[in-house]
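Novice: Below: one structure in structure tokens.
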Amino acid sequence: MSDQTIPGPSTVTRVARTPGTNEEPYLEVNDLHVQFPTADGLVKAVQGLSYSVPLRRTLAIVGESGSGKSVSSMAVLGLHDRRVARITGSIKVGGREVVGMSDKELEKYRGGDASMIFQDPQSSLHPYFTIGDQIMESYRAHHSVSKRQAKDRAIDMLGRVGIPNPRRRVDQYPHEFSGGMRQRAMIAMALVNDPKLLIADEPTTALDVTVQAQILDLIADLQRDFGSAVVFITHDLGVVAEVADDILVMYAGTAVEHGPVNKILGEPLHPYSWGLLESIPALTGEPAPLHPIPGSPPSLLAVPSGCPFHPRCEFKDRVPDDLCRTLKPELISRTADLGRTSRCHLKDPDKVFETDVLPRLP
Amino acid sequence: MTTDTTTAKSGVKSVPGAPLLELDNVKMHFKTKGDGMLSRGTKWVQAVDGVNLTLKPGETLGLVGESGCGKSTTARLITRLLEPTAGEIRYQGVDIAHMKERKLRPYRREIQLIFQDPYSSLNPRHTVGTIVGTALRTHDMVDKKGELARVQELLELVGLNPEHYNRYPHEFSGGQRQRIGIARALAARPKIIVADEPVSALDVSIQAQVMNLLENLRKELGIAFVFIAHDLGVVRHFCDRVAVMYLGRVVEEAPRNELYEAPQHPYTQALLSAVPDIAVVRGVPPKNRIRLVGDVPSPVDPPSGCRFRTRCWKAQDICATNDPALEEKAPSQRVACHFAEPPAESIIAEAV
Amino acid sequence: MLLYILKRVLSAISVVIVTLVASFALFFLAPTDPAGVICGPRCTPERVADIEASLSLDQPPLVQIGQYMKGIVVGRDYEAGGTTQHCEAPCLGYSYTLGQPVTKLLAAALPVTVSIVIGGAVVYLIVGVLAGTIAAQVRGTTLDKGVVGTTLFVQSIPYFVVALLVALYATFLPDSGYHPFFDNPLTWASGLLAAWLCVGLTNAAAYTRYSRASMIETLGQDFVRTATSKGISRRRVVYRHGLRAGLTPVVTIFGIDLAFQLTGAIFTESIFGLPGLGQLTLRAFGQYDLPVLLGGVLVGSVVLVVMNLVVDIAYTFLDPRVRLG
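Chains as they are written, first to last, in the UniProt record's numbering: chain A, 1 to 362; chain B, 1 to 352; chain C, 1 to 325.
Below, the structure written as structure tokens:
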């Protein structure tokens, strides 16, 4: 181990993202609602969410806890218990409708064309089964092959995600892997059936920053190889800036802003996006004071009327007739740029951003 | 040393001219039984292995590093929730490393801890008034009559409604609960607050609120902070000085700007380059990232010599045999590396 | 692994010895008169003294304990009325009232108790774990509430009442009685059926609740969600991924339970007329038959210690994170 030479100073530069192509969307979510009836009332976790992702592109869904980003993505994979969750609207994956699928159809769909990477590889892998066993199970759920063939495939996948010595590692248990290696194994498991849609739910949040960098590189590399559509759920705007083509900002169960990542993070048009940017300390330059959004996110049992963000919005006075409180704005283009949408009543959000927000940004 | 100590009314002794807090070669080794339930020979986890740090009044010192680097153990040593295996922890010149609980009590008052998890660090069966009031009573801060008034004053100070003193923790949001934890720490009028990942469990917008609160308290009350976080942006925002830890040791310690703009230790350079930066979208060219190989070695059996050498691209034979000391390589910038130098092409310069 | 077992066996033996010494002290030093019991009502003081000497009851307690221990390891000679009777190792003495070696009595009673307990365990494990797992899957529904309600009801009835009711009213079951397994397994089973159902169904209530709680927790774990996301069937998710992890805590309880039941099947044995360990010790208790009682204690403590060891070793097979040595 100590004799091994360390390559380096190895540096990587991320390839600049390609501009949007007018490809056919692979994942299409339309007016999705997810609700959970509880003893305290109806939890409206997702309200009228629509977005689409073509193959070879990455959409980042950004939001705080309770924004509906994870709930909506679990719905895409059909992971909600139908006795607990009420799901309406449409989720089309490769042209097939997921909402309303039977249990049998869901089983065939999950893990085949669409698969998921979860946040915490420690708790997401079964502690009692070997890594190989768990990857083989995924493969054999969708391919009728012998154990031997499935194991070869598992070893092959472990090698592809950069696990050294896959032949030995395949028979080890998750607790014998480090955090970063576990997440690599998790990714190997998610990709074993060559999925066309990969949902990554905070895949690096539980990891250290140097390991996070390795995993982000890996996901980007694999996406290039597999050509999948990726939905990347995160709360970290720095990660978004590095991995995503498009970004969807969610607040209280609805999308508030949607568009190409450099535009949404470069000159956002929604006060919530502004607030997020102003809450993140910069890594360069003179440290500027932070301007956090006042208050806290609303309870999903009682989402505010009108624009759900209005109780925390410092610009609501600029909209006449108390409109923010009474009418929920549509998610539409607000400027000449038709490639992006936002959900806000402000008349010239681009001008407000320039005069009021930009000077405060670090 | 005992001859020139002075004793304050509170029972806290001090040596004139000594720094507020000084960690001198502090070690914390935990006993472990190895992997199995039974293995011959006890092993020791070298969680903290020879840490030297100083803290001046009103200063904020950031401790950063990845999981297992010993930063949280250091926090628990400073607050003496743990007794170190070796070394001295001097508060105003007086060693409190092995002080007995009775004598330690006045020092506990002056060094307070804020925890990461606002959910589990508050007793769910006590009202906020009781939680903060208990802290006041423990340290005899006020008489019975003045207690409620002081509790309300503290709640207001941390931005909570003072009328909510009779509510329970579950009635508050995560950010508000962290404020309760801060109010409890402030109750003792401490000179040092050790904050162990105080904002990492919070959402981005709430995180910024709590950071602003901590910053205001620091300015108004002149409290010194030891601020522990894995988020390098948060540490940069809050701290005057930053120490980077790796496998139980401090590998680099410098004023904020020097550390972030001209890091000299290869690990610091790799760590900083790995942080995803949102500035990329504002036309800043993507930075070169130093990709570290492998994982952090086990603290049970750390590498000989320099502990980072197994992942370091600069490592040579000397690194395996000679353990580099933490030495001043630039004014007030201390680095523990045989080949310390600022990055060839400044990692950060590209991003400016 | 071997080293670990060896270490555990040594500590187990020391636990058994401590238990023995403690019960020896309690029984033999108590103000009872075993010689009088053996001698009967028409007894002369000379005869009592003679019996006491033959049983070493006139010796200091430490010597008595030493002789008892020695008897277990190498055997022991008893002298009574001029004749010497050799009691072979492991010698636990002679019953005062029955005159037979205690080892022989225990050897006759143990298979009965073991048969009752193992058969009962099979019933309550199957019924309990299945009912608990099913209830956990349909948590909150009427079925789940029904299951939980039934377990509460069963658990609230005293055990001997259940046993009596079964004995009195379940007349459609074959007559109970003990027939050795190796004579005819069929008659063995039919004679124990009533006892099995009684032990099984009452304990099933508790196991339903353990398994239900454990499975509810397990089914909420992240790795179950991962398993679901792979596209395997719900049945496979629940029984392969869920049950494997959910059963581990149940195994712990089961090991300890089994040990207790082996020593405490008194009600079952009395009501169904089965000559097991419980009956034997109960009778000995009423008659100051101290060697038999001591023998019962010995068997009980050995069983408990062994079951603990078995549970710990079983854990290493269930959970790969627990590795010994």
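C-beta atoms are modelled at their ideal positions from N, C-alpha and C, and glycine is treated no differently.
Using a C-beta cutoff of 7 angstroms, does A:P287 count as contacting chain D?
Specialist: The chain inventory of the structure shown lacks chain D, comprising the protein chains A, B and C.
Novice: Any idea which residues DSSP pairs A:V29 with across the strands?
Specialist: Answer by DSSP bridge pairing, in chain order: A:Y51 and A:I91.
Novice: Note down, one range per segment and in chain order, each alpha helix (DSSP H) of at least 4 residues found wholly within the region 249 to 330 of chain A.
Specialist: Listed in chain order, they are 261 to 266, 271 to 279 and 323 to 326.
Novice: Where does C:L26 fall in DSSP's three states?
Specialist: If DSSP states are grouped into helix, strand and coil, C:L26 belongs with the helices.
Novice: A:N241 and B:I278: beta carbons closer than 7 angstroms?
Specialist: Here residue 241 of chain A turns out to be Ala, not Asn, going by the sequence shown. Going by C-beta atoms, A:A241 is nearer than 7 angstroms to B:I278.
Novice: Identify the contact partners of A:S72 in chain C, using a Cβ-Cβ distance below 8 angstroms as the criterion.
Specialist: Under the 8 angstroms cutoff, chain C gives no residues; its nearest Cβ is about 15 angstroms from A:S72.
Novice: Answer yes or no: does any C-beta atom of chain A fall closer than 7 angstroms to that of C:T226?
Specialist: C:T226 counts as touching chain A.
Novice: Based on the DSSP secondary-structure assignment, which residues constitute the bridge partners of A:A114?
Specialist: Answer is A:R110 and A:L197, bridged to A:A114.
Novice: May I ask you to verify whether the region 301 to 318 of chain C touches the region 252 to 261 of chain C, counting CB pairs closer than 8 angstroms and requiring at least 3?
Specialist: Cβ pair count under 8 angstroms is three or more, so yes.
Novice: Please list, in chain order, the chain C residues whose beta carbon lies closer than 8 angstroms to that of A:G112.
Specialist: Correct list: G231.
Novice: Of all Cβ atoms in chain B, is any one closer than 7 angstroms to the Cβ of A:N165?
Specialist: A:N165 does not count as touching chain B.
Novice: Hey, is B:H237's beta-carbon within less than 7 angstroms of any beta-carbon in chain A?
Specialist: True, the Cβ-Cβ gap to chain A drops below 7 angstroms.
Novice: Using 8 angstroms as the Cβ pair cut-off and three pairs as the minimum, do the region 10 to 20 of chain B and the region 347 to 358 of chain A touch?
Specialist: Segments in contact, no.
Novice: List, in order along the chain, the chain A residues whose C-beta lies closer than 7 angstroms to that of C:R235?
Specialist: The contacting residues do not exist; C:R235 stays about 10 angstroms from chain A at best.
Novice: Measure the alpha-carbon distance for A:G68 versus A:V261 and round it to whole angstroms.
Specialist: Rounded to the nearest angstrom, the two C-alpha atoms are 20 angstroms apart.
Novice: Tell me the rounded alpha-carbon separation between B:V45 and B:Q207.
Specialist: Going by the C-alpha atoms only, they are around 33 angstroms apart.
Novice: List, in chain order, every chain B residue whose beta-carbon is nearer than 7 angstroms to that of A:G238.
Specialist: V275, P276, D277 and I278, listed in chain order.
Novice: In the structure shown, what three-state DSSP assignment does B:K13 receive?
Specialist: The answer is strand: DSSP assigns B:K13 an E or B state.
Novice: Do the region 334 to 353 of chain A and the region 153 to 160 of chain B make contact, defined as three or more Cβ pairs closer than 8 angstroms?
Specialist: The region 334 to 353 of chain A, when compared against the region 153 to 160 of chain B, does not touch it at the 8 angstroms Cβ threshold.
Novice: Of all the residues that make up the region 198 to 216 of chain A, which are near chain B by a beta-carbon distance shorter than 8 angstroms?
Specialist: So the close ones are D208, V209, T210, V211, Q212, A213, Q214 and L216.
Novice: Can you tell me the Cα-Cα spacing of C:L290 and C:T19, whole angstroms?
Specialist: Their Cα atoms are separated by approximately 15 angstroms.
Novice: Please list, in chain order, the residues of the region 194 to 212 of chain B that have any C-beta partner in chain A closer than 8 angstroms.
Specialist: Per Cβ criterion, the list reads D203, V204, S205, I206, Q207, A208, Q209, M211 and N212.
Novice: Using three-state DSSP, classify B:S121 as helix, strand or coil.
Specialist: Reduced to three states, the DSSP call for B:S121 is coil.
Novice: Secondary structure at A:R86, three-state DSSP: helix, strand or coil?
Specialist: Looking at A:R86 - three-state DSSP - the assignment turns out to be strand.
Novice: Compute the Euclidean distance between the alpha carbons of C:I232 and A:D201, then round it to the nearest angstrom.
Specialist: If I take the Cα positions, the gap works out to 20 angstroms.
Novice: Would you say A:L293 and B:S200 are within 7 angstroms of each other, going by their C-beta atoms?
Specialist: Sequence inspection shows Ile at residue 293 of chain A; the Leu mentioned does not correspond to that position. No. Outside cutoff.
Novice: Cβ of A:V230 within 7 angstroms of Cβ of A:L207?
Specialist: Not a contact, by the Cβ cut-off of 7 angstroms.
Novice: Nearest chain C C-beta to A:Y173 closer than 7 angstroms, yes or no?
Specialist: Judged by the 7 angstroms Cβ criterion, A:Y173 is in contact with chain C.
Novice: With a cut-off of 8 angstroms, do at least 3 Cβ pairs link the region 50 to 57 of chain A to the region 27 to 38 of chain A?
Specialist: Contact holds: three or more Cβ-Cβ distances are below 8 angstroms.
Novice: Under the rule that 16 or more other beta-carbon atoms within 10 Å means buried, what is A:G339, buried or exposed?
Specialist: Counting Cβ neighbours within 10 Å, A:G339 comes out exposed, since fewer than 16 surround it.
Novice: Quick one: which residues of the region 262 to 294 of chain A get their C-beta closer than 8 angstroms to a C-beta of chain B? List them in chain order.
Specialist: Cβ contacts with chain B: N262, L265, G266, G275, L276, L277, E278, S279, I280, P281, A282, L283, T284, G285, P287, P289, L290, H291, P292, I293 and P294.
Novice: Do A:A150 and A:R140 have their CB atoms nearer than 7 angstroms?
Specialist: For A:A150 and A:R140, yes; Cβs fall inside 7 angstroms.
Novice: Kindly confirm or deny that the region 180 to 193 of chain B and the region 207 to 219 of chain B touch, where touching means at least three C-beta pairs closer than 8 angstroms.
Specialist: Yes: the two stretches touch, three or more of their Cβ pairs being nearer than 8 angstroms.
Novice: Of all the CB atoms in chain B, is at least one closer than 7 angstroms to the CB of A:A190?
Specialist: Output row for A:A190: interface = no.
Novice: Assign B:E83 to buried or exposed, taking buried as 16 or more other Cβ atoms, counted over all protein chains shown, within 10 Å of its Cβ.
Specialist: Its Cβ having fewer than 16 others within 10 Å, B:E83 is exposed.
Novice: Helix, strand or coil: how does DSSP classify C:I13 here?
Specialist: Of the three classes helix, strand and coil, the one that applies to C:I13 here is helix, per DSSP.
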